[in-house]
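Visitor: Going by the working numbering, the first residue of the sequence shown is number 11, and it counts up by one from there.
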Amino acid sequence: QVQLVESGGGLVQPGGSLRLSCTSSGMSFSIYNMGWYRQAPGKQRELVAAMTNSGSTNYGDSVKGRFTISRDNPKKMVYLQMNSLKPADTGVYYCNAYYVHFNYWGQGTQVTVSS
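(1) So the candidates are Tyr69, Ser124, Gly52 and Gly65; which of them puts its Cα closest to the Cα of Trp46?
(2) Anyone know if the C-beta pair for Asn63 and Ile41 falls short of 7 Å?
(3) Count the other CB atoms, across all protein chains shown, that sit within 10 Å of the CB of Ala60; report buried if there are 16 or more and exposed otherwise.
(4) On the criterion of 16 or more Cβ atoms from any shown chain inside 10 Å, does Asp99 qualify as buried, or is it exposed?
(5) Among Tyr114, Pro51 and Pro24, which residue has its Cα nearest to the Cα of Thr33?
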(Lines of atoms letter the chains of each structure in order from A and count residues from 1; the text may use other names and numbers.)
(Lines give C-alpha, C1' and ligand atoms only; values in the text may rest on other atoms or scores of the structure.)
Protein backbone atom coordinates (compact mmCIF):
# COMPACT_ATOMS: atom_id res chain seq x y z
CA GLN A 1 0.00 0.00 0.00
CA VAL A 2 1.00 3.62 -0.38
CA GLN A 3 3.03 5.09 2.46
CA LEU A 4 4.35 8.59 2.98
CA VAL A 5 6.74 9.12 5.88
CA GLU A 6 7.88 12.57 6.92
CA SER A 7 11.06 13.32 8.82
CA GLY A 8 13.22 16.29 9.77
CA GLY A 9 10.94 18.18 12.11
CA GLY A 10 12.03 19.50 15.46
CA LEU A 11 12.57 22.54 17.62
CA VAL A 12 14.34 25.51 16.04
CA GLN A 13 14.90 29.10 17.05
CA PRO A 14 13.35 31.98 15.11
CA GLY A 15 15.46 32.75 12.06
CA GLY A 16 16.71 29.19 11.85
CA SER A 17 16.32 26.57 9.15
CA LEU A 18 15.00 23.05 8.83
CA ARG A 19 14.74 20.60 5.97
CA LEU A 20 11.82 18.24 5.90
CA SER A 21 11.89 15.02 3.91
CA CYS A 22 9.08 12.77 2.75
CA THR A 23 9.82 9.22 1.69
CA SER A 24 7.25 7.43 -0.42
CA SER A 25 6.61 3.78 -1.16
CA GLY A 26 3.99 1.72 -2.94
CA MET A 27 3.28 4.31 -5.61
CA SER A 28 4.50 5.46 -9.01
CA PHE A 29 6.04 8.57 -7.49
CA SER A 30 6.90 10.43 -10.67
CA ILE A 31 3.28 10.78 -11.81
CA TYR A 32 2.09 12.25 -8.53
CA ASN A 33 1.77 15.89 -7.67
CA MET A 34 3.37 16.40 -4.27
CA GLY A 35 2.70 18.91 -1.56
CA TRP A 36 3.44 20.00 1.97
CA TYR A 37 0.67 21.17 4.26
CA ARG A 38 0.72 22.29 7.86
CA GLN A 39 -1.75 22.52 10.69
CA ALA A 40 -1.32 24.71 13.73
CA PRO A 41 -3.30 24.05 16.93
CA GLY A 42 -6.87 25.27 16.53
CA LYS A 43 -6.41 26.10 12.85
CA GLN A 44 -7.29 24.45 9.57
CA ARG A 45 -4.73 22.58 7.55
CA GLU A 46 -3.19 24.90 4.96
CA LEU A 47 -1.07 24.55 1.87
CA VAL A 48 2.59 25.35 2.39
CA ALA A 49 4.08 24.31 -0.93
CA ALA A 50 3.27 22.06 -3.86
CA MET A 51 5.07 20.73 -6.89
CA THR A 52 3.35 19.13 -9.86
CA ASN A 53 4.65 16.03 -11.60
CA SER A 54 6.07 18.35 -14.28
CA GLY A 55 7.94 20.51 -11.76
CA SER A 56 5.70 23.57 -11.44
CA THR A 57 5.58 24.98 -7.94
CA ASN A 58 3.06 26.85 -5.82
CA TYR A 59 3.59 28.35 -2.37
CA GLY A 60 1.42 29.68 0.39
CA ASP A 61 1.66 33.46 0.65
CA SER A 62 3.16 33.35 4.13
CA VAL A 63 6.15 31.22 3.07
CA LYS A 64 7.02 32.67 -0.33
CA GLY A 65 10.69 33.54 -0.53
CA ARG A 66 11.54 31.51 2.59
CA PHE A 67 10.55 27.92 1.77
CA THR A 68 11.52 25.78 -1.21
CA ILE A 69 9.95 22.52 -2.30
CA SER A 70 11.92 20.02 -4.35
CA ARG A 71 11.60 16.41 -5.40
CA ASP A 72 13.88 13.55 -6.36
CA ASN A 73 11.95 11.16 -8.56
CA PRO A 74 14.53 8.32 -8.62
CA LYS A 75 14.64 8.39 -4.80
CA LYS A 76 10.85 8.85 -4.59
CA MET A 77 11.29 11.70 -2.15
CA VAL A 78 10.07 15.25 -1.72
CA TYR A 79 11.73 17.90 0.40
CA LEU A 80 10.84 21.18 2.02
CA GLN A 81 13.69 23.56 2.79
CA MET A 82 12.52 26.07 5.36
CA ASN A 83 14.59 29.17 6.03
CA SER A 84 14.07 32.27 8.16
CA LEU A 85 11.61 30.37 10.31
CA LYS A 86 9.10 32.28 12.39
CA PRO A 87 7.02 31.24 15.41
CA ALA A 88 3.99 31.40 13.09
CA ASP A 89 5.49 28.50 11.13
CA THR A 90 4.92 26.19 14.10
CA GLY A 91 2.67 23.24 13.38
CA VAL A 92 2.45 19.69 12.18
CA TYR A 93 3.71 19.38 8.63
CA TYR A 94 2.15 16.78 6.37
CA CYS A 95 3.32 15.33 3.10
CA ASN A 96 0.63 14.87 0.44
CA ALA A 97 0.54 13.00 -2.84
CA TYR A 98 -2.32 13.39 -5.28
CA TYR A 99 -3.10 12.23 -8.78
CA VAL A 100 -6.54 12.19 -10.35
CA HIS A 101 -8.72 10.70 -7.62
CA PHE A 102 -5.82 9.31 -5.58
CA ASN A 103 -4.93 11.35 -2.52
CA TYR A 104 -2.53 10.22 0.21
CA TRP A 105 -1.20 11.75 3.42
CA GLY A 106 1.68 11.08 5.72
CA GLN A 107 1.41 10.99 9.48
CA GLY A 108 3.01 14.39 9.93
CA THR A 109 6.11 15.78 11.62
CA GLN A 110 6.10 18.48 14.28
CA VAL A 111 7.91 21.74 13.66
CA THR A 112 8.22 24.14 16.58
CA VAL A 113 9.80 27.56 16.16
CA SER A 114 10.52 29.09 19.53
CA SER A 115 13.26 30.79 21.46
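All residues carry an ideal CB built from backbone N, CA and C; glycine is no exception.
All of these numbers come straight from a predicted model, not from anything done at the bench.
Guide: The answer reads as follows:
(1) Comparing C-alpha distances from Trp46 to each of Tyr69, Ser124, Gly52 and Gly65 shows the shortest one belongs to Tyr69.
(2) Yes, Cβ-Cβ distance for Asn63 and Ile41 is below 7 Å.
(3) By the 16-neighbour rule on beta-carbons within 10 angstroms, Ala60 is buried.
(4) That one is buried.
(5) Residue Tyr114 is the option with its Cα nearest to Thr33.
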